[in-house]
Every structure is written in C-alpha cells, then in structure tokens.
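The listed protein sequences derive, respectively, from chains A and B.
All residue numbers in the first sequence are consecutive under our numbering, ending with 554.
All residue numbers in the second sequence are consecutive under our numbering, ending with 101.
Every residue, glycine too, gets a C-beta built ideally from N, C-alpha and C.
Everything below concerns the one structure shown next.
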Amino acid sequence: MNNGIDAVALGVFLFFFLLVTVLGFLAARWRSGTTLESLDEWGLGGRGFGTFIAWFLIGGDLYTAYTFIAVPALLYAGSAVGFFAVPYTIIVYPIIFVFLPRLWSVSHRNGYVTPADFVQGRYDSRGLSLAVAVTGILATMPYIALQLVGIQVVLEVMGLGGGEDASLIERDLPLVVAFAILAAYTYTSGLRAPALIAFVKDTLIYIVILVAVIYLPIHLGGWGDIFSAAQDKIDASNEEAGKPVAGLLPGTGAAQWAYASLALGSALALFMYPHSITAVLSTGSRNVIRRNAALLPAYSFLLGLLALLGYVAIAANVDSDNAQLAIPLLFENEFPSWFTGVAFAAIGIGALVPAAIMSIAAANLWTRNIYKAFINRDATHAQEAQQAKVVSLVVKLGAVAFVLVLPGEFAINLQLLGGIWILQTLPAIVIGLYTRWLHRWALFAGWAVGMAYGTWVAYVQPSATDPSVEHFGSPLALPPFAEETKIYIALLAIVLNLLVAVGLTFVLRAAGVDEGVDQTRSDDYRADVGDSDVADELDPQETPADTGDSR
Amino acid sequence: MSRTAGSTRPTGGQRPPRPPFSVGTKVLLAALLAVPVVFGLAVPLYASETPALAGIPFFFWFQFALIPVSAVMTGTAFLVTSKHERDHRRQR
C-alpha cells in the first residue's frame with residue numbers, strides 16, 4: 004500500500020465532502036413547512052416525499068457504505084455465500100409491497116412516527132412498545148458504528164490517519180471531524196439533510212460502479228479471466244486448508260441452505276429496522292411505496308456488480324490481508340487519482356446518508372417511546388423535536404466512541420446480533436398489521452424468548468475457518484435436532500418466538516387476561532392521501548400525539 | 010395514544026371505506042409477487058457454473074437476470090393495485 008497522501012484524490016474527496024456539508028445545512032429550508040419544531044418535520048421530513056426523492060432516500064438508506072465495503076470483501080475472501088445480498092435485495096421488494104403500505108396508512112391516520120408507536124396504538128401495551136423501541140435502538144447503534152468503519156477504510160487507503168504507528172489523535176481526527184459535521188447538519192435539518200445528500204451520493208455511486216464494471220473487465224481480459232483468477236485463488240486456499248473452505252458458488256447443500264436462509268432472514272429483518280421504516284413513513288402516499296418497490300431493484304443490480312468487484316480485485320492482483328481494503332485498493336491501483344477521489348467520496352458520503360437516517364430513527368424511537376411514554380408524558384411538539392435533536396447527537400457520539408474505543412470485531416458482532424434481534428419484533432409489527440389475535444403479553448414473551456435464544460446461539464458459534472474465534476464466529480447455527488444443515492440464527496429465533504407467541508395466546512385467552520383496547524380501525528389500514536383525516540402534512544396542533552395523556 | 014377510536018375523526022359517512030381487492034385480484038397479486046421470492050430462494054436451481062454467459066457463471070448471471078424480471082413483476086402488481094384504486098374513485 005502506498006502510504007503517502009495522494010493530493011489530487013484527497014482534493015476531489017474534500018470537494019465532495021464540502022459540497023454535501025453545504026447541502027446538508029441548506030436542506031433545512033428545502034421543501035420546509037412553517038417550522039422544524041415537530042417530529043413530523045424534523046424526524047420524517049414533513050411526510051411528503053414523492054417517488055423521485057423517496058427512491059434516492061430509501062436507496063441511499065438501505066445500500067450503505069458498509070454494504071459496499073463488506074459484500075465485495077466477502078467475495079474477495081473467497082466466500083460466494085456473500086453474494087446472498089443479491090437475492091436478499093430481490094425478495095425484499097415484494098415483502099415491502101405487501102405490508103408497508105398498510106403500516107404507512109395506519110401511521111398517517113394516527114400520527115405514528117415509529118413502529119413502536121403503532122405497536123402501542125394497536126396493542127395498548129407500553130411494555131411491548133418499549134420492547135420494540137429498545138430493540139430498534141440496540142440494533143441501530145452498531146449499524147451506525149459500521150458506517151464509520153466504511154469511512155475509516157477509505158481514509159486509511161488515502162493515507163489519512165492510517166497506519167499502526169500514527170498517534171491516536173492523528174489516526175482518528177479526520178473521522179471525528181467528518182462525524183461532527185454530519186451531526187451538526189442532521190441536528191439543524193433533520194431528515195431533509197440525508198434526503199438531499201442522497202442525490203449526490205447515489206449519482207456518484209452509480210457513475211463509479213458503472214465505470215468500474217465496464218472498464219476493469221476490458222482492461223483485465225474479460226469476465227472469463229476474472230472468474231478463472233478467482234477460481235485459482237479459491238483452489239489454492241482450499242489446498243492450503245486441506246478441506247473445501249471456499250467456493251466460486253454455493254455448491255454444497257449446506258452452503259445453499261446458508262445462502263437461502265441468510266437471504267430470507269435478512270429480507271424479513273430489513274424492514275423491521277427503524278431507519279427503513281423512517282424512510283418509508285416519510286413518503287407522501289401509499290403509491291410512492293408501491294411504485295418504489297418496482298424501481299428500487301436498480302440498486303440491487305448495482306450491489307451485484309459491486310460484489311463482483313471482489314473477484315475483479317483478485318484478478319487485478321490486489322493483495323491485502325484485510326479484505327475490507329480490497330475495493331478501495333483496487334480503485335487506487337487501477338484508476339487515475341481524480342477518479343479514485345470520486346470513488347472514495349462516493350463511499351464516504353455513502354456512509355453519511357444512512358448514518359444520518361439511522362441516528363434520526365433511533366432519536367425518534369427514544370423520544371416517542373421512552374421519553375414521551377415514560378419520562379415526560381405531557382411533552383409538546385417542540386419539546387419532542389428538541390429531545391430528538393439532542394439524542395441524535397448522543398447516538399452519533401456513542402457510535403464514534405464505539406468504533407474508537409472497542410475492538411473492530413465488536414461492532415461487527417453486534418451488527419450480527421442486531422439482525423437477529425430486530426427480526427424478533429416482526430410478529431408484533433407485521434402480524435399486528437393484519438390481526439390482533441396474538442395476545443400482547445404472548446407477543447412480549449415470544450420477543451423475550453427469541454432475543455435470549457438468538458443471542459445465546461450467536462454467542463456460542465465458533466468460527467468455521469479460524470479456530471481462535473470461539474464466539475460470534477458465524478451467523479449460521481444448527482437447528483435443534485439437525486446434524487448437518489446450518490441456517491441463519493435469526494430464522495431459528497423467530498420460529499421459536501412465534502411458537503411461544505401462539506402457544507401463550509391460547510393460554511392467555513383461555514384465562515381471560517385483558518387484551519387492551521385497539522386504537523386503530525380496520526379502514527385505517529387502507530387509508531390513502533386525500534381520504535378524510537389523512538392530511539398531506541399533519542397539522543401539529545391537531546395530531547393526536549399532542550394530547551398525550553395516556554402515552 | 011390518547012384518542013379513542015372515532016372521537017375526533019369523522020365516523021364514516023364522509024367517504025365509503027376503500028373496498029378490499031377481489032379474490033381474483035388477490036390471486037393475481039400473490040402470483041406476481043411470489044415469482045421473485047420463489048426464484049430468489051430456489052438456490053439449488055441456479056447454483057451451477059454452466060451455462061456460462063460471456064465468461065460469467067450461470068449462478069451469477071441468473072441472479073442478475075432475476076432482478077429486472079422481479080422489477081417487472083412488482084411493477085405489474087403496482088399497476089393492478091393503482092387501477093383498482095382508480096376504478097374505486099370513479100365509482101364514488
């Protein structure tokens with residue numbers, strides 16, 4: 004690796020970083036209502052984004068910088084199972100199409116800002132709502148931390164702050180500065196900042212990836228040569244290990260089960276994440292969501308191409324012990340400085356957009372479902388917005404501390420756990436959109452069992468390839484009574500969760516335990532813009548949240 | 010939520026509730042949306058190196074090809090639902 008600083012690449016990177024900083028602050032005035040002093044405005048961007056903006060916002064939100072680093076890194080390291088990200092982002096869109104319009108409708112009718120708001124309204128249970136909110140915050144924190152890892156990787160390859168011998172301040176200062184600026188404009192502009200910056204981010208990403216996947220194969224002798232170079236590296240590592248540890252594609256039954264279960268489990272989990280739901284609730288109508296379910300797969304294509312760059316890096320003889328550096332190094336080796344700068348800016352800004360949305364989503368959850376539900380029940384809209392702004396700063400500070408203080412594997416392990424945890428909120432949210440048959444306390448018990456079981460199973464998994472790793476070594480585990488076929492732990496935990504929820508529902512109903520009062524009505528779930536009580540922008544004076552006596 | 014159902018909003022009357030989809034439409038929607046999910050998860054079907062396309066193993070190009078197919082399926086489902094809603098509006 005060249006440890007000197009490339010002035011041209013750094014200049015281009017800084018130019019784009021300054022551009023998005025200016026945009027981030029200007030965003031406060033973009034399409035703004037009369038005031039930012041309510042969560043509908045600060046935390047959901049006024050709830051009026053159309054198809055075009057939503058496409059950039061949701062795309063920029065779901066396909067994060069970490070994905071762009073980690074997925075090709077898996078292929079570079081010889082694990083074709085990493086390509087599961089592609090079927091995962093294929094099957095997620097029919098799922099979105101079916102249930103998110105219902106969540107949108109019920110949330111617009113009743114002024115819900117977070118998924119936990121819906122759970123509270125539907126099940127009349129502050130305990131269950133708190134469980135959903137806490138799970139969301141816990142799962143989001145490591146995700147934000149991993150976005151920082153994405154920036155760190157780019158900075159390191161650029162020669163900024165990288166290197167083991169650099170002092171602590173020298174090493175981490177650029178990262179801290181980047182995040183401080185992000186925190187400042189998120190504070191002032193709320194969700195409008197990432198919505199506006201997403202345009203820059205995604206335009207850069209599309210240009211960079213398309214240029215790379217057209218130019219590099221021509222330069223390296225075509226895809227045939229690239230795949231045979233990858234095959235050679237995989238053969239060599241299998242020979243070295245004395246057993247098949249890698250493959251160009253999931254050839255064995257076990258690998259195929261892993262592939263399919265990771266794709267399904269991740270797709271189901273994706274839209275339980277608070278930042279996804281925040282982006283979806285910011286849209287202006289049900290049709291924006293449905294239309295985007297057909298338009299967003301363009302990003303999946305991009306992600307697939309990007310994943311293949313992992314193999315391209317092998318063919319281009321990129322040599323790095325840290326697989327996460329493979330893609331940045333590939334760009335540095337193969338492209339002129341200015342284009343490398345553009346590519347690094349794309350990854351860096353790619354980290355800022357989701358990090359902003361995630362911190363807003365976590366702040367919304369805290370404000371609505373912990374602060375307002377338990378601490379200050381009479382909070383006004385202005386107090387809610389102020390609380391959320393401050394918490395978004397705290398969340399980012401926490402993420403920075405996380406990455407700087409704790410070892411790198413910690414964030415990755417927690418991210419693995421986050422996926423398992425967040426899926427445990429699915430019964431309360433998704434099944435709740437269709438039926439109230441499951442009892443609120445049965446749902447709570449199912450959630451608790453799923454969380455505990457999933458955490459424990461993930462903890463005891465050793466790594467299949469590295470014997471020194473005894474815990475959190477794999478997202479896969481053997482189901483009970485199975486001998487060979489491992490599947491994604493999140494799916495195992497959700498099955499147990501559902502069994503507990505259904506079983507206990509029978510018991511609680513037989514015992515006549517109070518099931519609470521449903522505050523939603525059946526036609527709420529199909530309401531659309533233009534219907535009675537679904538305003539384009541909610542009037543802060545009249546939203547039901549304002550009275551807040553039982554929250 | 011403090012508001013009990015219907016206390017501040019109009020209790021029906023203003024507009025008829027949006028009618029649910031007919032059974033035929035539901036089956037059509039389910040079929041359209043099932044295509045991406047079923048093929049996406051049918052890993053043994055496509056975990057093969059051949060037939061390769063321009064040097065790209067079948068495993069990879071099949072999944073790339075599935076992306077536009079899925080988009081068309083979901084897009085068609087969108088057109089079906091928006092036609093349903095337009096028809097419903099015209100009736101009012």
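task: Look at the alpha carbon of A/Arg-443 and the alpha carbon of A/Glu-518, and state the distance between them as a whole number of angstroms.
output: Looking up residue 443 of chain A in the first sequence gives position 440. Looking up residue 518 of chain A in the first sequence gives position 515. Their backbone Cα atoms lie some 6 Å apart in a straight line.
message: In whole angstroms, give me the CA-to-CA distance for A/Pro-75 and A/Phe-475.
response: The residue labelled residue 75 of chain A in the question sits at position 72 within the first sequence. The residue labelled residue 475 of chain A in the question sits at position 472 within the first sequence. For A/Pro-75 and A/Phe-475, the distance between alpha carbons rounds to 21 Å.
message: Let me see if you follow: with CB-CB separation under 8 Å, is B/Phe-71 close to chain A or not?
response: Taking the second sequence and counting its residues from 1, one reaches residue 71 of chain B at position 62. False, the Cβ-Cβ gap to chain A never drops below 8 Å.
- request: Enumerate, from N- to C-terminal direction, the unbroken alpha helix (DSSP H) stretches of 4 or more residues contained entirely within the segment 43-123 of chain A.
  value: 54-65, 68-79, 88-113
query: DSSP three-state call for A/Tyr-190: helix, strand or coil?
result: Here the question's residue 190 of chain A lines up with position 187 in the first sequence. Correct three-state label for A/Tyr-190: helix.
query: How close, in whole Å, do the beta carbons of A/Ile-425 and A/Tyr-276 come, if the pair is a contact with beta carbons under 8 Å?
result: By one-based count along the first sequence, residue 425 of chain A stands at place 422. By one-based count along the first sequence, residue 276 of chain A stands at place 273. A/Ile-425 to A/Tyr-276, Cβ: 6 Å. Contact.
- request: Determine the direct distance from the alpha carbon of A/Leu-22 to that of A/Ala-319, and round the result to whole angstroms.
  value: For the purposes of this step, residue 319 of chain A is identified with residue 316 of the first sequence, where counting begins at 1. For the purposes of this step, residue 22 of chain A is identified with residue 19 of the first sequence, where counting begins at 1. Distance between the alpha carbons of A/Ala-319 and A/Leu-22: 32 Å.
Where B/Ala-14 sits in the DSSP three-state scheme: Translated into positions along the second sequence, residue 14 of chain B becomes position 5. The predicted model places B/Ala-14 with a pLDDT of 38, which falls under 50 and marks its position as unreliable; any figure quoted below should be read in that light. Here B/Ala-14 sits in coil by DSSP.
Beta-carbon proximity list for A/Leu-1, same chain, < 6 Å, skipping 5 on both sides: With chain A running from 4 to 554 in the structure shown, residue 1 of chain A is simply not present.
- request: Compute the Euclidean distance between the alpha carbons of A/Arg-125 and A/Trp-440, then round it to the nearest angstrom.
  value: As a first step, residue 125 of chain A must be located in the first sequence, where it is residue number 122. As a first step, residue 440 of chain A must be located in the first sequence, where it is residue number 437. So the alpha carbons of these two residues sit roughly 11 Å apart.
message: Let me confirm a value: B/Ser-16 is counted as buried when at least 16 other C-beta atoms fall within 10 Å, else exposed. Which label applies?
response: To locate residue 16 of chain B, count along the second sequence from 1; it is residue 7. Its pLDDT being 37, under 50, B/Ser-16 is placed unreliably in this model, and the value from its coordinates should be taken loosely. Classification for B/Ser-16: exposed.
Boundaries of the alpha helix (DSSP H) in which B/Pro-29 is found, first to last residue: By 1-based counting over the second sequence, the position of residue 29 of chain B is 20. It is not in any alpha helix (DSSP H) - B/Pro-29 carries neither H nor E in the DSSP assignment.
- prompt: Would A/Thr-546 be called buried (16 or more neighbouring beta carbons within 10 Å of its own) or exposed?
  reply: Your numbering for residue 546 of chain A matches position 543 in the first sequence. Bear in mind that a pLDDT of 40 at A/Thr-546, under 50, signals an unreliable position, so the number given afterwards is only what the model happens to contain. Buried: at least 16 other Cβ atoms inside 10 Å.
- prompt: Taking the alpha carbon of A/Thr-383 as the point to measure from, which residue in A/Tyr-262, A/Asp-43, A/Trp-33, A/Ala-496 has its own alpha carbon closest?
  reply: For the purposes of this step, residue 383 of chain A is taken as residue 380 along the first sequence, with counting starting at 1. Per the Cα distances, A/Asp-43.
- prompt: Using the beta-carbon count (16 or more within 10 Å), is B/Leu-88 buried or exposed?
  reply: If you number the second sequence from 1, residue 88 of chain B lands on position 79. So B/Leu-88 counts as exposed.
- prompt: Any idea which residues DSSP pairs A/Gly-476 with across the strands?
  reply: Indexing the first sequence from 1 puts residue 476 of chain A at position 473. According to DSSP, which records beta bridges pairwise, A/Gly-476 is partnered with nothing at all.
- prompt: For A/Thr-255, does the three-state DSSP call read helix, strand or coil?
  reply: In the first sequence, counting from the first residue as 1, residue 255 of chain A sits at position 252. If DSSP states are grouped into helix, strand and coil, A/Thr-255 belongs with coil.
query: If we ignore side chains and look at the alpha-carbon of each, how far apart do A/Thr-370 and A/Gly-139 end up?
result: Sequence index remark: in the first sequence, residue 370 of chain A carries index 367 (1-based). Sequence index remark: in the first sequence, residue 139 of chain A carries index 136 (1-based). Approximately 13 Å between the Cα atoms of the pair.
task: Could you give the DSSP three-state label for B/Leu-62: helix, strand or coil?
output: Taking the second sequence and counting its residues from 1, one reaches residue 62 of chain B at position 53. Of the three classes helix, strand and coil, the one that applies to B/Leu-62 here is strand, per DSSP.
task: Indicate whether at least one CB of chain B lies closer than 8 Å to the CB of A/Asn-416.
output: Translated into the one-based positions of the first sequence, residue 416 of chain A becomes position 413. Judged by the 8 Å Cβ criterion, A/Asn-416 is not in contact with chain B.
field: Within-8 Å CB hit, B/Ala-40 to chain A
entry: Start at 1 with the first residue of the second sequence, and residue 40 of chain B comes out as number 31. Output row for B/Ala-40: interface = no.
- request: Out of A/Arg-529, A/Ala-388, A/Val-505, state which residue places its alpha-carbon closest to the alpha-carbon of A/Thr-189.
  value: Walking along the first sequence from the start, residue 189 of chain A turns up at place 186. Cα-wise, what sits closest to A/Thr-189 is A/Ala-388.
message: Quick check: does the Cβ of A/His-474 come within less than 7 Å of any heavy atom belonging to the ligand ZN?
response: The ligand ZN is not part of this structure, which contains no ligands at all.
task: Could you tell me the boundaries of the alpha helix (DSSP H) in which A/Pro-277 lies?
output: Working through the first sequence from its first residue, we reach residue 277 of chain A at position 274. Where A/Pro-277 is concerned, the enclosing alpha helix (DSSP H) stretches over 277-284.
- prompt: If we cut at 8 Å on Cβ distances, does A/Ile-294 have a partner in chain B?
  reply: For this step, residue 294 of chain A is matched to residue 291 along the first sequence. Per the sequence presented here, residue 294 of chain A reads as Arg, with Ile not at that position. Answer yes: the Cβ-Cβ gap between A/Arg-294 and chain B drops below 8 Å somewhere.
- request: Would you tell me roughly how many angstroms separate the C-alpha atoms of A/Leu-298 and B/Val-78, rounded to the nearest one?
  value: Working through the first sequence from its first residue, we reach residue 298 of chain A at position 295. Working through the second sequence from its first residue, we reach residue 78 of chain B at position 69. Rounded to whole angstroms, A/Leu-298 to B/Val-78 spans 12 Å at the Cα level.
query: Which class does A/Gly-250 belong to by DSSP, given the choice of helix, strand or coil?
result: Taking the first sequence and counting its residues from 1, the one referred to as residue 250 of chain A is at position 247. In this structure, A/Gly-250 counts as strand in the three-state DSSP scheme.
message: Does chain A have any CB closer than 8 Å to the CB of B/Pro-60?
response: Position 51 of the second sequence, counting from 1, holds the residue named residue 60 of chain B. Answer no: the Cβ-Cβ gap between B/Pro-60 and chain A never drops below 8 Å.
message: Taking the alpha-carbon of A/Asp-526 as reference, which of A/Leu-479, A/Gly-46, A/Leu-17, A/Pro-104 has the nearest alpha-carbon?
response: By one-based count along the first sequence, residue 526 of chain A stands at place 523. Closest by alpha carbon: A/Pro-104.
query: Is A/Ser-490 near A/Pro-483, with beta carbons less than 8 Å apart?
result: Position 487 of the first sequence, counted from the first residue, corresponds to residue 490 of chain A. Position 480 of the first sequence, counted from the first residue, corresponds to residue 483 of chain A. Per the sequence shown, residue 490 of chain A should be read as Ile rather than Ser. No, the pair does not count as a contact, with Cβ atoms beyond the cut-off.
Bounding residues of the alpha helix (DSSP H) (the contiguous stretch that carries A/Trp-444): Mapped onto the first sequence, residue 444 of chain A falls at position 441. That run of the alpha helix (DSSP H) goes 443-462.
query: What residues match up with A/Tyr-491 in a beta bridge as DSSP calls it?
result: Numbered from 1 along the first sequence, position 488 holds the residue referred to as residue 491 of chain A. DSSP output for A/Tyr-491 lists A/Leu-479 as bridge partner(s).
Residue nearest to A/Leu-271 in terms of C-alpha spacing, selected from A/Ala-232, A/Ile-378, A/Thr-70, A/Pro-90: Counting from 1 along the first sequence, the entry for residue 271 of chain A is found at position 268. Looking at the Cα atoms, A/Pro-90 is the closest of the given residues.
message: Distance cutoff 8 Å, beta carbons only. Does A/Gly-254 sit that close to anything in chain B?
response: Your numbering for residue 254 of chain A matches position 251 in the first sequence. Yes, its Cβ sits closer than 8 Å to a Cβ of chain B.
field: C-alpha gap between B/Thr-20 and A/Val-520, whole angstroms
entry: Working through the second sequence from its first residue, we reach residue 20 of chain B at position 11. Working through the first sequence from its first residue, we reach residue 520 of chain A at position 517. Any answer about B/Thr-20 is weak, because its pLDDT of 42 lies below 50 and its placement is not dependable; what the coordinates show is given next. Going from the Cα of B/Thr-20 to the Cα of A/Val-520 covers about 18 Å.
query: Do A/Ile-98 and A/Phe-274 have their C-beta atoms closer together than 8 Å?
result: Position 95 of the first sequence, counted from the start, is the residue given in the question as residue 98 of chain A. Position 271 of the first sequence, counted from the start, is the residue given in the question as residue 274 of chain A. Yes, they are a contact pair.
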